[in-house]
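When we follow the numbering used here, the leftmost residue of the sequence shown carries the number 1, and every step to the right adds one. Idealized CB from N, CA, C, for every residue including glycine. Notes follow once the structure below has been shown.
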Amino acid sequence: MNLGTPFGAFLDPVADKAVAVNNLGKWKTATQMIALTILLAARDGSLVGAGTLAYSGVLLLYISAWLALWSLVVYVRKIWKVLLR
């Protein structure tokens with residue numbers, strides 16, 4: 001699409017070089033993938049304990065959402081210090 005703004009062009013190198021990526025995003029992605037796999041498996045009604053599987057999948061999705069928010073807070077706190085310089 002090649003969409004961009006001068007502000008985005010400014011922030012991209014700052015974000016890439018000034019703030020190291022943390023592992024929270026990787027954990028979030030992993031929990032999302034596991035949760036979705038579990039939820040898809042839980043749709044099979046012939047499985048014993050499908051309800052427990054569904055509950056586990058939803059719980060992992062909530063954990064994933066919490067990790068996303070935590071990662072956002074960590075990132076914004078780091079980048080804010082750089083932007084205020």
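Item                                                                                                                 : Value
Sub-7 Å separation of A41 and L60 beta-carbons                                                                       : no
Pick from P6, T5, W27 that is closest to L69, judged by C-alpha positions                                            : W27
Span of the alpha helix (DSSP H), counted from its first residue to its last, around S46                             : Per DSSP, S46 belongs to no alpha helix (DSSP H) and is neither H nor E.
For T31, the nearest candidate out of K81, S64, V74 (CA to CA)                                                       : S64
Span separating the alpha-carbon of D44 from that of N23                                                             : 33 Å
Rounded straight-line distance, which links the Cα of L83 to that of F7                                              : 12 Å
Neighbourhood of V74 by C-beta distance below 7 Å, restricted to the same chain and skipping five residues each side : N22, L24
Buried versus exposed call for I49 [16 or more other C-beta atoms within 10 Å across all chains shown]               : According to the sequence displayed, residue 49 carries Gly and not Ile. Answer is exposed; the Cβ neighbour count stays below 16.
Burial state of G51, where buried means 16 or more other Cβ atoms lie within 10 Å                                    : exposed
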